[in-house]
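Protein chains in written order, with this note's numbering: chain A, 324 to 693; chain B, 324 to 693. We treat Cβ as the ideally placed atom computed from N, Cα and C, and that holds for glycine. Note that the structure is a prediction, hence the values are computed from the model and not measured.
2 protein chains.
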Amino acid sequence: MAAVSYELVKQCSKTGARAGILHTPHGSFETPMFMPVGTQASVKAMSPAELKTINAGMILSNTYHLYLRPGHDLVEEAGGLHKFMNWERGILTDSGGFQVFSLSDLRKITEEGVKFRSHIDGSEQFLGPERATEVQMALGADIIMAFDECIPYPADYNYAKDSIMRTTRWARRCLDAHTRKDQALFGIVQGGMYKDLRAQSAKDLVEMDFPGYAIGGLSVGEPKPLMYELLDHTAPLLPAHKARYLMGVGSPDCLVEGVMRGIDMFDCVLPTRIARNGTIMTRRGKVVVRNAEYARDFGPMDDQCSCYACKNFSRAYVRHLFKAEEILGLRLTTIHNLHFLIKLMGEMREAILQDAAADFYKEFWSAYKA
Amino acid sequence: MAAVSYELVKQCSKTGARAGILHTPHGSFETPMFMPVGTQASVKAMSPAELKTINAGMILSNTYHLYLRPGHDLVEEAGGLHKFMNWERGILTDSGGFQVFSLSDLRKITEEGVKFRSHIDGSEQFLGPERATEVQMALGADIIMAFDECIPYPADYNYAKDSIMRTTRWARRCLDAHTRKDQALFGIVQGGMYKDLRAQSAKDLVEMDFPGYAIGGLSVGEPKPLMYELLDHTAPLLPAHKARYLMGVGSPDCLVEGVMRGIDMFDCVLPTRIARNGTIMTRRGKVVVRNAEYARDFGPMDDQCSCYACKNFSRAYVRHLFKAEEILGLRLTTIHNLHFLIKLMGEMREAILQDAAADFYKEFWSAYKA
Chain A
324 MAAVSYELVK QCSKTGARAG ILHTPHGSFE TPMFMPVGTQ ASVKAMSPAE
374 LKTINAGMIL SNTYHLYLRP GHDLVEEAGG LHKFMNWERG ILTDSGGFQV
424 FSLSDLRKIT EEGVKFRSHI DGSEQFLGPE RATEVQMALG ADIIMAFDEC
474 IPYPADYNYA KDSIMRTTRW ARRCLDAHTR KDQALFGIVQ GGMYKDLRAQ
524 SAKDLVEMDF PGYAIGGLSV GEPKPLMYEL LDHTAPLLPA HKARYLMGVG
574 SPDCLVEGVM RGIDMFDCVL PTRIARNGTI MTRRGKVVVR NAEYARDFGP
624 MDDQCSCYAC KNFSRAYVRH LFKAEEILGL RLTTIHNLHF LIKLMGEMRE
674 AILQDAAADF YKEFWSAYKA
Chain B
324 MAAVSYELVK QCSKTGARAG ILHTPHGSFE TPMFMPVGTQ ASVKAMSPAE
374 LKTINAGMIL SNTYHLYLRP GHDLVEEAGG LHKFMNWERG ILTDSGGFQV
424 FSLSDLRKIT EEGVKFRSHI DGSEQFLGPE RATEVQMALG ADIIMAFDEC
474 IPYPADYNYA KDSIMRTTRW ARRCLDAHTR KDQALFGIVQ GGMYKDLRAQ
524 SAKDLVEMDF PGYAIGGLSV GEPKPLMYEL LDHTAPLLPA HKARYLMGVG
574 SPDCLVEGVM RGIDMFDCVL PTRIARNGTI MTRRGKVVVR NAEYARDFGP
624 MDDQCSCYAC KNFSRAYVRH LFKAEEILGL RLTTIHNLHF LIKLMGEMRE
674 AILQDAAADF YKEFWSAYKA
């Protein structure tokens, strides 16, 4: 029995959208789903109790960050990441590839892996397929990710081609290094904006029979229509009986567009990051609650929302908290944004179950301003 | 019927300690009690829901801060402070005197009141007895405080004498300006470290028949034994059927010593401030959870504590959160410290009800390191 399996509950008859259940050692979670990001073993500003209240299922954490601080050995000694951060539900760890490659000047890529300098103390560090897998086994998430290269946008064709071939070789090495039976290792399809490279990457990884697949390297600066075009092209190349995870995508419109193309899982720092800047997500688009126009607005942040923040506090109060730099302000906007995306996915799931994804899509776009 | 009344439930037969109930328009609260401070209409890092979970009864807010931002008129328009910050239980507002006088170079005192510059935008502002009372009536707390001068330590005798006489004249003017029947105005005994001035201040204010009395101007830098000596002297000068509130005192030992001398109410930023620095309060004294020695300590922050933080997270995790500058870290230490002080007061109340305050005191000091 695989540690993690995807159960397809309903395939929309008119669109690519699908509703499913992701079974993991820490519970079964309905898809499509948005996974809040807890980079350093904490979803910024949230407690685990609050995450449960907003129905978070799986959350994300990061190999690069935890490897450097507090160290995977310490987390393992604590009994693993679930116990360390007191989160009984699902956890997915990213491999650290994305972060290491983002260091640009501070890293050097070889076939072996990536040498880089720690952003904390400048010390020389190394992550490669085996090391990233070993670290993720110590952390003990339910789903771990292959160590890959996420190439920038735009990228030269030949560089992109070399990169996906290396990423595929690395994926093989990750599979070979992965020995924990109670966690699943997902492969990551790369290929930049080149359809033939996406097809090649998908084909090679599908042959390796990963228990689930991510699409990486999108939402890296390209126009949204181009991202959607690549999703149209790539998602159908992945097996229908396995979960499909679109990495690093978190705006409401991109989530809706992704689900329509058959994506089951999403993660992104966007909702928590913009929350800390005083911006909330709504079905009508963003609202910058911190703005002066809301100083005497005694209505809720989002009048369509039932979260703790919207039920109990006014825009005027939240704005005051931001102006006064009170922590409660960013706590409230964070609760709202995560609740909003999780609920959006739940509502879309209901629509899919009723074979009404297309109606949902139309209704969403009739109100939403990107 | 007075807006606020103190009900003496039990006077300890051997010490000054007493257990009571403070009745307010927003509920009745058991005393002795510690009141968390929410200077800017938010107890730093806490939500109202969490404050209820740790059994907070009354909380404090500040006239000076709310007058400048967001403005008392805005709070009044929101329906008052309770509604603005979503706190249905008791609120006490300090008069702003303490903050205005702390501005040192930025303020000028006259018989009329104090001219000062805003710490936010440098604008010229004024607070005096009438204005501070008017602002506090607009905010709408259950208990408001007279506008007083809190003199520094040490202070010249003649300055202190002039100051308490002015504070007494100001107290009279506050009483005259106060017209809201649903809130109580407390007087504040001052007098620095001079017993005769404390006696004079207490006598004058008691003659004015305030519904409750605070002792101000202690814990301003003097040695603790001197503070206790002044409490021994001053508390008995206040009427036994009214609440006694020791302002700005919040270390566990000072709370215990204060209760033994007949104090019913305390407030202080100390528990929340040191929490944000990674320090917690315990029955054995302070623990700097942020310290390296706790990096692999997988036990709770305080093994005698039942708060959300101590029940669910380890010292190692909380230390990691502080090192990684995660907001959850200071949330957890804040929850713990407030829970600790509120519970300490509850336990002391139980001991008083059993006429065992002296035993409690002895047991407390057998473990506590100040």
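Under 9 Å from the C-beta of residue i: neighbouring residues of chain B
i	result
residue 635(A)	370, 371, 372 and 409
residue 401(A)	619, 621, 637, 639 and 640
residue 397(A)	618, 619, 639 and 643
Cutoff 8 Å; reference residue i; Cβ partners in own chain excluding five residues on either side
i	result
residue 446(B)	440
residue 573(A)	357, 589, 590, 591, 592, 593, 594 and 664
Unbroken alpha helix (DSSP H) run spanning residue i, endpoints
i	result
residue 590(A)	Run containing residue 590(A): none in the alpha helix (DSSP H); it sits in the beta strand (DSSP E), 588-590.
residue 595(B)	593-599
residue 433(B)	Element bounds for residue 433(B): n/a, residue is neither H nor E.
residue 524(A)	518-530
residue 486(B)	480-500
residue 578(B)	575-583
residue 541(A)	Where residue 541(A) is concerned, there is no enclosing alpha helix (DSSP H), given that its DSSP letter is neither H nor E.
residue 399(A)	395-400
Range of the contiguous beta strand (DSSP E) that encloses residue i
i	result
residue 438(B)	437-440
residue 609(B)	608-611
residue 369(A)	No beta strand (DSSP E) contains residue 369(A), which DSSP labels as neither H nor E.
residue 684(A)	Careful: residue 684(A) lies outside any beta strand (DSSP E), inside the alpha helix (DSSP H) at 680-690.
residue 345(A)	341-347
residue 356(B)	356-358
residue 411(A)	Counting along the chain, residue 411(A) falls outside any beta strand (DSSP E), and DSSP gives it neither H nor E.
residue 447(A)	447-450
Listed by chain order, chain B residues near residue i by CB distance under 8 Å
i	result
residue 646(A)	392 and 393
residue 631(A)	370 and 372
residue 584(A)	Within chain B, no residue comes near residue 584(A); the closest Cβ sits about 34 Å away, beyond 8 Å.
Neighbouring residues, chain B, relative to residue i (Cβ below 7 Å)
i	result
residue 365(A)	644, 649 and 651
residue 654(A)	370
Beta-carbon proximity list for residue i, same chain, < 6 Å, skipping 5 on both sides
i	result
residue 538(A)	512, 557 and 569
residue 390(A)	458
residue 383(A)	358, 360, 415 and 590
residue 578(B)	589
residue 452(B)	470, 493, 496 and 497
residue 602(A)	609 and 611
residue 599(B)	653
residue 699(A)	For residue 699(A) there is no data in the structure shown, the boundaries of chain A being 324 and 693.
residue 307(B)	In the structure displayed, chain B extends from 324 to 693; residue 307(B) sits before or after that span and is not available.
Beta-bridge pairing of residue i - partner residues as DSSP gives them
i	result
residue 535(B)	566(B)
residue 385(B)	417(B)
residue 507(A)	466(A)
residue 605(A)	608(A)
residue 557(B)	The partner list for residue 557(B) (beta bridge, DSSP) is empty, contrary to what the question assumes.
residue 641(A)	Paired residue(s): none; residue 641(A) is not in a bridge.
residue 629(A)	Its beta-bridge partners do not exist; DSSP assigns none.
residue 621(B)	Paired residues: none, contrary to the question.
residue 329(A)	345(A)
residue 513(B)	Paired residues: none, contrary to the question.
residue 673(B)	In the DSSP output, where bridge partners are listed per residue, residue 673(B) has none listed.
residue 351(A)	346(A)
residue 334(A)	341(A)
Residue i CB to nearest heavy atom of the ligand MG below 7 Å
i	result
residue 353(A)	As for the ligand MG, it is missing from this structure, which has no ligand bound.
Cutoff 7 Å; reference residue i; Cβ partners in own chain excluding five residues on either side
i	result
residue 531(A)	494, 495, 498 and 510
residue 521(B)	512, 514, 553, 556 and 557
residue 675(B)	333, 335, 340, 341 and 342
residue 491(A)	524, 527 and 528
residue 533(B)	508, 509 and 510
residue 398(A)	389, 404, 407, 461 and 462
Neighbour flag for residue i against chain D, beta carbons, 8 Å
i	result
residue 329(B)	In the structure shown, chain D does not exist; the protein chains are A and B.
Quick test of the definition: if touching needs 3 or more C-beta pairs under 8 Å, does the stretch 650-660 of chain B touch the stretch 338-352 of chain B?
no
Given 8 Å, three or more beta-carbon pairs between the stretch 579-586 of chain A and the stretch 605-623 of chain A:
no
Could you say if the stretch 421-434 of chain B and the stretch 497-505 of chain B meet the contact criterion of at least three C-beta pairs nearer than 8 Å?
no
Should the stretch 357-370 of chain A be called in touch with the stretch 662-669 of chain A, which here means at least 3 C-beta pairs below 8 Å?
yes
Closer than 8 Å is the cut-off here; do at least three beta carbon pairs connect the stretch 461-479 of chain B with the stretch 391-411 of chain B?
yes
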